[in-house]
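Engineer:
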C-alpha cells in the first residue's frame with residue numbers, strides 16, 4: 004500500500020487523454036503481437052492457448068501503460084515481476100455468510116464439478132423504498148442463492164445527493180432493509196454485498212461495521228475504468244483491511260469505450276483490470292460487469308460475450324484470483340428473452356471457470372422495480388446443468404439459445420414489474436412467470452438431448 008501511495012505522488016505527470024490513447028494503441032499492438040482474434044463461429048473459445056495469450060498480453064499492457072491517478076494526474080509504473088508477484092499472493096478461498104448460510108468459496112480452476120457461487124440479486128438495478136424488502140425476500144427464498152447482491156435504493160422522492168447526511172441515511176436504510184428481507188425468509192446470516200448506490204466513501208465506510216454488516220458480508224468497490232485509481236478507493240481499501248472486512252472489486256468493463264474498439268482489446272483490458280485490482284486493491288474477490296456502450300446489435304452482443312468468456316478463461320487458467328462476472332440482460336422479468344439471455348451467459352461463465360456468477364440484471368439496470376428472484380433461481384438451475392457440459396457442448400448450447408433472441412436485441416422485451424409477476428402476499432411468482440421458467444428449462448434440456456441423439460445416429464451410421 005505504501006508503495007502505491009508513494010507512486011501516486013511521484014509518478015510521471017500526464018494528461019488523462021494521453022494515457023487513454025496509450026492504452027488504446029498498446030492494446031491494438033498486443034492483439035496483433037499475440038495473434039488474438041474473435042472467432043465468429045464460437046462464443047466459448049475452443050483454443051485455450053488464446054486465453055493464455057490474453058493473459059500475457061494483459062501483463063504487457065500494464066507494464067507498458069501503468070495505472071493513472073485521477074487525483075495527482077500521474078502514472079504509476081509497475082514492473083512485470085510486481086504484477087506476477089501480486090497474483091502469487093492471492094486468496095484461493097473465502098468464507099461468506101455465517102451459520103447454516105455459510106458458503107465456502109474457492110477457486111474452481113476451470114475443471115471438476117464444483118458449482119460457482121450464485122450471487123443472486125438485482126445487482127444495482129433501481130428499486131423503490133416500498134418494494135425494497137419484498138423484492139429482496141424473493142431472492143432470499145431460494146436456498147441455491149448463496150449470497151445476495153442488492154439493488155440501488157431508488158429514493159427519487161427525497162432530496163438525495165451523492166454525498167452528505169442524506170446519502171449516509173439511505174446507505175444505512177438500504178442495509179437494514181436487505182437484512183430484514185433475509186431475516187424474514189429465515190436467512191439472517193446470508194452474505195450480502197454493500198448496496199451499490201453507496202458511492203460516497205464516508206457512507207460506505209459507515210456501514211462497514213458489525214452493527215450493520217457482519218463479518219460474513221462483502222463490501223464493494225466499483226473502481227474507475229481504463230486502469231485508473233483514486234484516493235477515495237484507496238481510503239476505503241485501507242479501512243476495510245484495518246477492520247478485517249472482506250471486499251469485492253467490481254469494475255464495469257466496456258466494449259466500445261475510450262480505450263477499446265474491438266472484442267480482442269476488451270478481453271485484454273478485462274484481464275488487465277483484474278490484475279490491476281490485485282496490485283492496487285488486493286480484494287477478496289474480483290467480479291467484472293461487462294457491458295457495451297454502443298447501440299445493441301446481435302453482432303456486438305456476440306463480441307462482448309466472447310470477450311468476457313475469454314477473459315474469464317484467462318483468469319481461471321492462471322488462478323489469478325477468486326473471480327466472477329455479472330449476468331446483464333437487455334430484456335426484463337417474466338420474459339422468455341431474459342431467460343435465454345441469462346442461460347447463455349451462465350453456461351458460458353460456468354464453462355470458462357468463473358467462481359462467482361452474479362445477477363441477473365434486467366433491462367441493463369435501467370427500469371425501477373423490474374427485478375425478481377425467480378430469474379436468479381433460474382440462473383442457479385442452469386449453472387447446475389452446465390457443470391456437466393464439455394466446452395464444446397456448452398458452446399453449442401450457447402449458440403442455439405442465442406439464436407432464439409438475437410433478432411430482438413435491438414428492441415428487447417422489457418417484461419413486467421415485480422408487482423405484476425409476483426404475488427406480494429406470498430412473495431411467490433405468478434403462474435405465468437412459472438410457465439415461462441419451466442418452458443425455458445425444458446428447452447435447454449431438449450436442445451442438448453437432440454444434439455446427443457443426432458450425434459449417436461451419426462456414430463451408428
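Residue numbers (our numbering): 4 to 464. C-beta atoms are modelled at their ideal positions from N, C-alpha and C, and glycine is treated no differently.
Contact defined as beta carbons within less than 8 Å: I believe residue 350 pairs with residue 400. What is the distance between those atoms, to the nearest angstrom?
Structural biologist: Contact flag correct, Cβ pair sits at about 6 Å.
Engineer: Which class does residue 102 belong to by DSSP, given the choice of helix, strand or coil?
Structural biologist: Looking at residue 102 - three-state DSSP - the assignment turns out to be helix.
Engineer: Leaving aside the five residues before and after residue 367 along the sequence, list all residues of the same chain whose C-beta is less than 8 Å from its C-beta, in chain order.
Structural biologist: If we look at residue 367 and ignore the five residues flanking it on each side, its Cβ neighbours are 294, 331, 332 and 333.
Engineer: Cβ of residue 29 within 7 Å of Cβ of residue 271?
Structural biologist: In this structure, residue 271 does not lie closer than 7 Å to residue 29 by Cβ.
Engineer: If we count Cβ pairs, one from each stretch, closer than 8 Å, do we get three or more for the stretch 62 to 81 versus the stretch 239 to 258?
Structural biologist: Taking 8 Å as the limit for Cβ pairs, the verdict is that the stretch 239 to 258 does not touch the stretch 62 to 81.
Engineer: Can you grab the Cα-Cα spacing for the pair residue 424 / residue 72, in whole Å?
Structural biologist: In a straight line, the C-alpha of residue 424 is about 46 Å away from that of residue 72.
Engineer: In terms of residues, what are the limits of the alpha helix (DSSP H) holding residue 229?
Structural biologist: Here residue 229 belongs to no alpha helix (DSSP H), and DSSP marks it neither H nor E.
Engineer: From residue 417 to residue 374, what distance separates their C-alpha atoms?
Structural biologist: Taking the straight line joining both Cα atoms gives about 11 Å.
Engineer: What are the boundary residues of the beta strand (DSSP E) that includes residue 223?
Structural biologist: 221 to 224 is the span of the beta strand (DSSP E), which, as asked, contains residue 223.
Engineer: Would residue 155 and residue 199 be called neighbours here (beta carbons separated by less than 7 Å)?
Structural biologist: Contact: yes.
Engineer: Under 7 Å between the Cβ atoms of residue 195 and residue 220?
Structural biologist: Contact flag set, yes.
Engineer: Residue 314 and residue 123: beta carbons closer than 7 Å?
Structural biologist: Contact flag unset, no.
Engineer: Below 6 Å CB to CB, which residues in the same chain sit around residue 273 once its five sequence neighbours on both sides are set aside?
Structural biologist: Closer than 6 Å at the Cβ level, and outside the excluded window around residue 273, lie 256, 291 and 314.
Engineer: For residue 82, would you say it is in contact with chain B, using Cβ-to-Cβ distances shorter than 7 Å as the test?
Structural biologist: Of the chains in the structure shown, none is chain B; there is only one protein chain.
Engineer: Report, in whole angstroms, the separation of the C-beta atoms of residue 226 and residue 185, which I expect to be a contact under 8 Å.
Structural biologist: The pair is not a contact, with the Cβ atoms about 27 Å apart (cut-off 8 Å).
Engineer: Would DSSP call residue 315 helix, strand or coil?
Structural biologist: If DSSP states are grouped into helix, strand and coil, residue 315 belongs with the helices.
Engineer: Specify, as a first and last residue, the run of the beta strand (DSSP E) that residue 341 falls within.
Structural biologist: It is not in any beta strand (DSSP E) - residue 341 instead sits in the alpha helix (DSSP H) that spans 339 to 354.
Engineer: Is there contact between the stretch 275 to 283 and the stretch 226 to 244, where contact requires at least three CB pairs shorter than 8 Å?
Structural biologist: The stretch 275 to 283, when compared against the stretch 226 to 244, does touch it at the 8 Å Cβ threshold.
Engineer: Tell me, please, which residues DSSP counts as bridged to residue 326.
Structural biologist: Bridge partners of residue 326: 289.
Engineer: Closest to residue 50 by CA distance: which of 320, 171, 120 and 168 is it?
Structural biologist: For the residues 320, 171, 120 and 168, the minimum Cα distance to residue 50 belongs to 320.
Engineer: Output the distance between the C-alpha atoms of residue 6 and residue 144, rounded to the nearest integer angstrom.
Structural biologist: Approximately 45 Å, taken between the alpha carbons.
Engineer: In the stretch 31 to 100, which residue ranges form an unbroken alpha helix (DSSP H) of at least 4 residues, counting only runs that do not cross its ends?
Structural biologist: As far as the stretch 31 to 100 is concerned, its whole alpha helix (DSSP H) runs of at least 4 residues are 51 to 68 and 83 to 91.
Engineer: What is the DSSP secondary structure of residue 417, counted as helix, strand or coil?
Structural biologist: In this structure, residue 417 counts as coil in the three-state DSSP scheme.
Engineer: How about residue 180 and residue 136: do their beta carbons lie closer than 7 Å?
Structural biologist: Yes, Cβ-Cβ distance for residue 180 and residue 136 is below 7 Å.
Engineer: Which two residues bound the contiguous alpha helix (DSSP H) that contains residue 282?
Structural biologist: Where residue 282 is concerned, the enclosing alpha helix (DSSP H) stretches over 266 to 283.
Engineer: Per DSSP, what kind of secondary structure is residue 362 in: helix, strand or coil?
Structural biologist: Three-state result, residue 362: strand.
Engineer: Over what stretch of residues does the beta strand (DSSP E) that includes residue 400 continue unbroken?
Structural biologist: Premise fails: residue 400 lies in the alpha helix (DSSP H), 394 to 405, not in any beta strand (DSSP E).
Engineer: Among 48, 118, 267 and 197, which residue has its Cα nearest to the Cα of residue 177?
Structural biologist: Here the closest residue by C-alpha is 197.
Engineer: Would residue 9 be called buried (16 or more neighbouring beta carbons within 10 Å of its own) or exposed?
Structural biologist: Under this definition residue 9 is an exposed residue.
Engineer: May I ask you to report which of helix, strand or coil DSSP gives residue 332?
Structural biologist: Looking at residue 332 - three-state DSSP - the assignment turns out to be coil, as it is neither helix nor strand.
Engineer: Could you tell me which of 231, 447 and 243 sits nearest to residue 216, measuring between CA atoms?
Structural biologist: Among 231, 447 and 243, the Cα nearest to that of residue 216 belongs to 243.
Engineer: Taking DSSP's pairing of strands, which residues face residue 252 in a bridge?
Structural biologist: DSSP, once it has assigned bridges, lists 224 and 289 as partnering residue 252.
Engineer: Tell me whether residue 236 is buried or exposed, calling it buried when 16 or more other Cβ atoms sit within 10 Å of its Cβ.
Structural biologist: That one is buried.
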